[in-house]
Amino acid sequence: MTMDAHDLSGRPIVIGAGIAGMMTALALAPEPVVLLTKAPLGAEASSMLAQGGMAASLGTDDSPAFHLADTLAAGDGLCDPVTAKRIVEAAPAAIEMLERLGVAFDRTPAGTMRLGLEAAHSRRRIVHAAGDATGAELVRALAVAVRRTPSITVVEGMEARRLLIEDNAIAGVLTVGTSGNTVLLTGKVVLATGGVGGLFHDTTNPLGSFGQGLVLAARAGAVLSDLEFVQFHPTALDGPTRPMRLISEAVRGEGAVLIDENGFRFLSDLPGGELATRDAVARGVFRHLAKGHRVFLDARETPGANFAARFPAIAGFCHEAGLDPASEPIPVRPAAHYHMGGIAVDEAGRSSLDGLWACGEVAATGLHGANRLASNSLTEAVVMAGWVAASVAETAAGGRRSPTVASPRRPDPSSVRPIVSRALGVERNGDELRAAIAALLPLALNQDAGSDPAVVGLMMAVSALQRQDSRGAHYRADFPQKAAVARRSFISFDKAIDFARKLPDEFPMQLARSA
Ligand SMILES: Cc1cc2nc3c(=O)[nH]c(=O)nc-3n(C[C@H](O)[C@H](O)[C@H](O)COP(=O)(O)OP(=O)(O)OC[C@H]3O[C@@H](n4cnc5c(N)ncnc54)[C@H](O)[C@@H]3O)c2cc1C
2 MTMDAHDLSG RPIVIGAGIA GMMTALALAP EPVVLLTKAP LGAEASSMLA QGGMAASLGT
62 DDSPAFHLAD TLAAGDGLCD PVTAKRIVEA APAAIEMLER LGVAFDRTPA GTMRLGLEAA
122 HSRRRIVHAA GDATGAELVR ALAVAVRRTP SITVVEGMEA RRLLIEDNAI AGVLTVGTSG
182 NTVLLTGKVV LATGGVGGLF HDTTNPLGSF GQGLVLAARA GAVLSDLEFV QFHPTALDGP
242 TRPMRLISEA VRGEGAVLID ENGFRFLSDL PGGELATRDA VARGVFRHLA KGHRVFLDAR
302 ETPGANFAAR FPAIAGFCHE AGLDPASEPI PVRPAAHYHM GGIAVDEAGR SSLDGLWACG
362 EVAATGLHGA NRLASNSLTE AVVMAGWVAA SVAETAAGGR RSPTVASPRR PDPSSVRPIV
422 SRALGVERNG DELRAAIAAL LPLALNQDAG SDPAVVGLMM AVSALQRQDS RGAHYRADFP
482 QKAAVARRSF ISFDKAIDFA RKLPDEFPMQ LARSA
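Position one of the sequence shown corresponds to residue 2 (our numbering), numbered consecutively onward.
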């Protein structure tokens, strides 16, 4: 599109057009806002791929208190209970608002909301759309609403490469599109850039999700939190396709079980079995694979013949891979799926940097703790978007000059992926993390295409090395116990670089061994 940057100057800029970005822009209306995204609206976004649905306590046997208890239990001691309570209490109203915006959730013939069950939920509370295509329906409806809203200027095909800072506050965004570099001056930026799965070989995320928002915030000086916590989904379709296709937990919720090549149900002793928390199931699958077994999701008995009716999208891509889930087991393996960590934000989504907010997967609100409860992320994005928008609207925009900044190269995570995949997977250990830090530091300090992804990997590896216990999704083979006291971790760009620079002096033996 043609765009005159001067016309847009001064407006708040939302970067990223998944659920979080679109909802923030909509909630800001009628205040003028720029919604900037490197892909078309909703494309290259995890939001589009969401299957299971959104968690909200809508059932007659449910309440926000039950939802909160399940969220805190999954978060393994690391959730912020005040934030978690606010968000789950707001969830039912968020579903109503989405319906008003045109989202068609699945309903029973009697007209009540169909509620699915997912791992670690004590009640049926997963609202879904088109069976297992919840994300696609949300994106469809919200994209229509965004395009109909005159106060939102949509800028597609433009990538944010740097945040401009003046007097320790946001002054603008350096963007790159087909017509070159553009500086958009603004005192208010909302990052809604999604997760980090694209830093891993095995991931369910779009490959363009490699933590660009985290680098933008970190290089600008913002504090990040809990970066070591990456959720691995236990049941990604094991095949060559990237991103890996996800076999939603809802399939296990409907009765499918995990077996190996001998038909052995190897998780039957795990408390909660196949519906234990994601971290526990992912570790169980990872360890069974590491012993040389293959792992399958067996849906032949339940949902069996009903599979395609209940899970049409999953049945579709199983068929594409030459599999009929109603009659044969589906090969699966764990894949990087969701980042609990992110830009540290308060209850209104404000970061530590004046003029910078974050919403959606790129933010760390404290809701998910050490392990996200399934289907809580879309709910969090929608609920927080309203609070972020209110905070943006009530914040006065300072006048900004245009600070100069060099334009960095187009980021490419391919040199970083092997390092991150090896050191920051389902099970970590100190030697591999130290080796990863040593390999990532020079990449992060270079000014080339691997530099930004390396900064993200480095901050994650430093956080993972510093957490010397196992909790939720972070498992250290060399520290398998949980620390008595749960503490969130906080890191900045400078601290990560400083720690990495000093590491060889502190751990010369380990580095020499792993080099
Ligand atoms: C396969 C799959 C299934 C899932 N299922 C569920 C589910 O059932 N329920 C649930 O709650 N959660 C689910 N999740 C997680 C959930 O979908 C995500 O956490 C959520 O959609 C993230 O939304 P977001 O708006 O924060 O980010 P995204 O939807 O990933 O959007 C990020 C946006 O930022 C843009 N962007 C990134 N960097 C830049 C840049 N530098 N400049 C400009 N634009 C940029 C991208 O192009 C994109 O538009 C699932 C995730 C996956 C991958």
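Idealized CB from N, CA, C, for every residue including glycine.
Do you know offhand how far residue i's Cα is from residue j's?
i	j	result
Leu324	Ala306	14 Å
Asn430	Arg149	50 Å
Leu164	Pro404	10 Å
Trp388	Thr396	12 Å
Gly212	Val384	22 Å
Arg301	Ala327	5 Å
Ile420	Lys39	26 Å
Ser376	Ser249	10 Å
Pro443	Leu200	17 Å
Asp299	Ala237	13 Å
Glu157	Arg12	16 Å
Ser269	Met245	26 Å
Ser452	Ala485	37 Å
Ile438	His234	25 Å
Ser152	Arg87	29 Å
Val15	Thr179	20 Å
Phe267	Leu259	7 Å
Thr113	Ala85	26 Å
Leu37	Ala223	21 Å
Ala130	Val35	28 Å
Pro272	Ser408	52 Å
Which same chain residues, not among the five before or five after residue i, have their C-beta less than 7 Å away from its C-beta?
i	result
Arg514	Because the pLDDT of Arg514 is 45, which lies under 50, any placement of that residue in the model is unreliable, and the number read from its coordinates should be weighed accordingly. The residues are Asp432.
Arg473	What sits at residue 473 in the sequence shown is Gly, not Arg. So the qualifying residues of the chain are Gly76, Asp77, Leu79, Phe230, Asp280, Gly370, Ala371 and Asn372.
Glu255	Thr303, Pro304 and Arg311
Arg418	Leu200, Phe201 and His202
Ser210	Ser47, Gly195, Gly196, Val197, Gly198 and Gly199
Gly274	Leu268
Ala390	Thr25, Ala28 and Leu29
DSSP beta-bridge partners for residue i?
i	result
Gly531	Nothing can be reported for residue 531: it is not among the residues displayed for the chain, which extend from 2 to 516.
Met24	Beta-bridge pairing links Met24 to no other residue.
Thr176	Ala161 and Thr183
Ala170	Glu167 and Asp355
Gln232	Tyr339
Leu192	Ile16 and Ala359
Met114	Arg108
Leu208	None; Leu208 has no bridge partner.
Ser226	Gly343 and Phe491
Ile153	Val34
Could you work out which residue in the options is closest to residue i when comparing CA atoms only?
i	options	result
Ala281	Pro481, Gly214, Leu434 and Glu255	Pro481
His294	His320, Thr278 and Asp261	Asp261
Leu139	Ala440, Leu504, Leu379 and Ile315	Leu379
Gly43	Leu217, Thr135 and Ala66	Thr135
Arg253	Pro31, Met114, Thr109 and Phe308	Phe308
Glu90	Thr109, Asn182, Asp63 and Leu102	Asp63
Ala57	Phe106, Val83 and Glu32	Phe106
Asn169	Ala394, Asp355, Gln469 and Ser422	Asp355
Asp239	Pro207, Pro330 and Gly181	Pro330
Ala144	Thr194, Val104 and Met55	Val104
Val333	Glu32, Leu290 and Ala440	Leu290
Ile498	Ala137, Gly196 and Arg220	Arg220
Phe287	Arg502, Ala336, Val224 and Pro151	Ala336
Arg125	Gly60, Ser352 and Leu259	Gly60
Ala398	Ala74, Pro414, Glu100 and Thr187	Thr187
Pro414	Asp347, Leu208, Phe265 and Thr366	Leu208
Leu50	His338, Gly350, Gly112 and Leu228	His338
Arg410	Thr205, Ala95, Ala146 and Thr176	Thr176
Val346	Lys496, Leu225, Pro65 and Thr183	Leu225
Leu73	Pro31, Ala28, His122 and Gln52	His122
Glu100	Arg162, Ala120 and Val128	Val128
Ser10	Gly173, Pro272, Ala478 and Thr242	Gly173
Val457	Ile344, Lys189, Val184 and Gln52	Ile344
Thr205	Gln52, Pro110 and Val184	Gln52
Arg488	Ser471, Glu119 and Leu504	Ser471
For residue i, which residues of its own chain have a beta-carbon under 6 Å away from its beta-carbon, when the five flanking residues on both sides are left out?
i	result
Leu434	Ala424, Ala462, Ala465 and Leu466
Gly1	With the chain represented from 2 up to 516, any question about residue 1 goes unanswered, as that position is not in the structure.
Gln469	Phe480
Thr3	Here Thr3 scores only 41 on pLDDT, less than 50, and its place in the model is too uncertain to base an answer on.
Gln511	For Gln511, the predicted model reports a pLDDT of 48, less than 50, meaning its position is unreliable; a value from the coordinates is still stated below. Closer than 6 Å at the Cβ level, and outside the excluded window around Gln511, lie Asp432 and Arg435.
Met341	Asp227, Phe230, His369 and Arg373
Glu160	Lys39 and Val177
Apart from the five residues just before and just after residue i, which ones in its own chain have a Cβ nearer than 8 Å to its Cβ?
i	result
Ala92	Met55, Ala56, Ala57, Ser58, Pro65, His68, Thr380 and Val384
Val427	Phe233, Ala283, Arg284, Phe287, Pro335 and Tyr476
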